[in-house]
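So my numbering is basically just the index in the sequence shown, starting at one, shifted up by 186.
Positions of the beta carbon are idealized from the N, C-alpha and C atoms, including for glycine.
Model, not experiment: these values are computed from the prediction.
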Amino acid sequence: MESVTILLIIVILLAWIFDYTNGLNDSANAIATVVSTRVLKPFAAVALAAIFNFLGAFITVEVATTIGKGIVDPKSIDIYTILSALIGATFWNIFATYLGLPISASYSLIGGIVGASISHASLSVVNMSGLISKFMVPSILSPFLGMLAAILFFSISYFVASWLKATTVNRVFSVLQLISASYMAFSHGSNDAQKTMGVIAMALVTGGMLSNFEVPFWVKFSAAFFISLGTLMGGWKVIKTLGMKLTKLRPIDGFSAETAAATTIITASFLGMPISTTYVITSSVMGVGMSKKINAVKWSLFSTIILAWLFTIPGSAIVAFVSYKLIKLLF
Numbered sequence: 187m188e189s190v191t192i193l194l195i196i197v198i199l200l201a202w203i204f205d206y207t208n209g210l211n212d213s214a215n216a217i218a219t220v221v222s223t224r225v226l227k228p229f230a231a232v233a234l235a236a237i238f239n240f241l242g243a244f245i246t247v248e249v250a251t252t253i254g255k256g257i258v259d260p261k262s263i264d265i266y267t268i269l270s271a272l273i274g275a276t277f278w279n280i281f282a283t284y285l286g287l288p289i290s291a292s293y294s295l296i297g298g299i300v301g302a303s304i305s306h307a308s309l310s311v312v313n314m315s316g317l318i319s320k321f322m323v324p325s326i327l328s329p330f331l332g333m334l335a336a337i338l339f340f341s342i343s344y345f346v347a348s349w350l351k352a353t354t355v356n357r358v359f360s361v362l363q364l365i366s367a368s369y370m371a372f373s374h375g376s377n378d379a380q381k382t383m384g385v386i387a388m389a390l391v392t393g394g395m396l397s398n399f400e401v402p403f404w405v406k407f408s409a410a411f412f413i414s415l416g417t418l419m420g421g422w423k424v425i426k427t428l429g430m431k432l433t434k435l436r437p438i439d440g441f442s443a444e445t446a447a448a449t450t451i452i453t454a455s456f457l458g459m460p461i462s463t464t465y466v467i468t469s470s471v472m473g474v475g476m477s478k479k480i481n482a483v484k485w486s487l488f489s490t491i492i493l494a495w496l497f498t499i500p501g502s503a504i505v506a507f508v509s510y511k512l513i514k515l516l517f
């Protein structure tokens, strides 16, 4: 029992590290556009994002429930499985952030859980119907919805702007972008912070600390805190990639992309779907760029980002699979 308690503490600490790296990589999701349009200075932007990331984490636990018991039954795995899943996910987050690639922390976590669970038992312990309906299908559809929503918001914004004097357009949309950036950060917290909550609650059930799956308040608070802390530190390479290299943005563009992405993400949060917030905001930025002209988007850079996404699930799954085998050799 004592060894299980020690391992449980290690898992919780690693979950917080994963949460921190999630915020570090995904800080770009909330503030890349507001920084690139020069509406806010970088450190003011990350402070704003950190605050709303924290607040957004408390509005629902539907995503946490999907992560905690919708993909793998926590009673069918052991504490080593969760530890290995977090090693795989955290490694991939750090690796991608170092390279400046805006990958999906959701993909890395799902890949880690699946890889470690297969290593522990077999593919049979994975709830394939839940994985497909709650993760795979939303993950495929959400970027397209984000892109379409961005085109819609962009069209509405330009219609409104056509009634304003040219000198006031940037001023009006600079103010509106402060609201949309806050909305984006809030929606990010509502989806991504819950992924860590789900993992910790899963570990508490597996470790025998909880008889049934639930998310205690201290788990909510700690997950909100560490993702906000990571956001506050800012993954500057990723911010540069997403906000300054993919396409050229103005306040009206940033407002449209953020509003579209945030609406898509927060809808998914209430439906319990752990989607990729990175995927959605990137596709929304692309939608805005495409609304102006097709070659406004740097497609070569986008293809590099897509390649990083494609490798995320198998990459984190392999690291988690190997980690489980190595850990079992040691314990």
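Residue i CB to nearest chain B CB: under 8 Å?
i      : result
Ile296 : Considering every chain present, this structure includes no chain B. It has just one protein chain.
Return the chain-ordered list of same chain residues with a C-beta closer than 7 Å to the C-beta of residue i, the five sequence neighbours on each side being excluded.
i      : result
Thr450 : Ser328, Leu331, Gly332, Ala335, Val466
Leu272 : Val197, Leu200, Ala201, Phe204, Gly298, Val385
Ser290 : Ser462, Thr464, Tyr465, Trp495, Thr498
Ile237 : none
Under the three-state reduction of DSSP, which class applies to residue i: helix, strand or coil?
i      : result
Val258 : strand
Val312 : strand
Gly183 : Residue 183 lies beyond the stretch modelled for the chain, which goes from 187 to 517, so this question has no answer here.
Arg357 : helix
Asn377 : helix
Trp177 : The chain is shown from 187 up to 517; residue 177 falls before or after that span and cannot be answered.
Leu457 : coil
Please name the residue in the options whose C-alpha comes closest to that of residue i.
i      : options                        : result
Pro324 : Thr445, Arg357, Val391, Phe456 : Phe456
Pro259 : Phe345, Ser341, Leu317, Ala235 : Note on identity: in this sequence residue 259 is Asp, with Pro being the wrong assignment. Residue Leu317 is the option with its Cα nearest to Asp259.
Ala410 : Leu396, His374, Lys227         : His374
Phe340 : Val471, Ser308, Val505         : Val471
Ile452 : Val405, Val197, Phe229, Ser376 : Ser376
Pro437 : Ile504, Asp378, Val220         : Val220
Asp378 : Ala503, Val247, Ile299         : Val247
Leu338 : Ala371, Ala230, Met476, Val249 : Met476
Could you check the C-alpha separation between residue i and residue j for me, to the nearest Å?
i      : j      : result
Gly440 : Ser368 : 12 Å
Val311 : Asp264 : 12 Å
Leu390 : Leu396 : 6 Å
Ile268 : Ala201 : 9 Å
Phe507 : Thr382 : 20 Å
Gly242 : Gly458 : 14 Å
Ile257 : Val355 : 47 Å
Phe412 : Ile499 : 23 Å
Tyr293 : Leu350 : 42 Å
Leu493 : Thr276 : 19 Å
Are there 16 or more other CB atoms within 10 angstroms of the CB of residue i, so buried, or fewer, so exposed?
i      : result
Lys255 : buried
Ala352 : exposed
Ile461 : buried
Met314 : exposed
Asn398 : exposed
In its own chain, which residues sit with a C-beta less than 6 Å from the C-beta of residue i, not counting the 5 before and 5 after it?
i      : result
Gly501 : Trp278
Among residues of its own chain, excluding the 5 on either side of residue i, which ones have a beta-carbon nearer than 8 Å to its beta-carbon?
i      : result
Ser343 : Phe359, Ile438, Phe441, Ser442
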